[in-house]
Amino acid sequence: MNDAPQENISFDLFLQPREAERLKCWDCGKRFKWAVEEQDLFRMRGWEPPKRCTPCRDECRRLRDGFA
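Going by full-length UniProt numbering, the sequence shown runs without a break in its numbering and finishes at 68.
Take a look at the structure:
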């Protein structure tokens with residue numbers, strides 16, 4: 001049995017290099033990259049991952065703000 005404290009396991013996982021994730025846009029269905037820096041920001045703020053790619057997100061904002 002391993003006598004290492006649990007904190008070391010999570011710390012080791014934190015140090016592993018991470019890559020951009022590929023997510024699927026809910027609107028257009030295309031795959032888009034979610035940068036590591038954005039992942040950190042979202043997790044730090046307690047947000048869910050984005051559901052739309054940047055062009056679809058911009059279009060939703062444009063329509064929402066009345067610039068159709």
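A virtual CB, placed ideally from N, CA and C, is assigned to each residue, including glycine.
These figures come from a predicted structure and were not determined experimentally.
{"Check": "Alanine 20 versus Val36, Trp26, Asp58 and Cys28, residue with shortest Cα-Cα distance", "Outcome": "Val36"}
{"Check": "Segments assigned alpha helix (DSSP H), at least 4 residues, entirely inside the UniProt domain \"Probable zinc-binding\" (22-62)", "Outcome": "36-45"}
{"Check": "Reduced DSSP category for arginine 64 - H, G, I as helix; E, B as strand; rest coil", "Outcome": "helix"}
{"Check": "Cβ pair proline 55, leucine 23 closer than 8 Å", "Outcome": "no"}
{"Check": "Own chain residues within Cβ distance below 7 Å of methionine 44, not counting five before or after", "Outcome": "none"}
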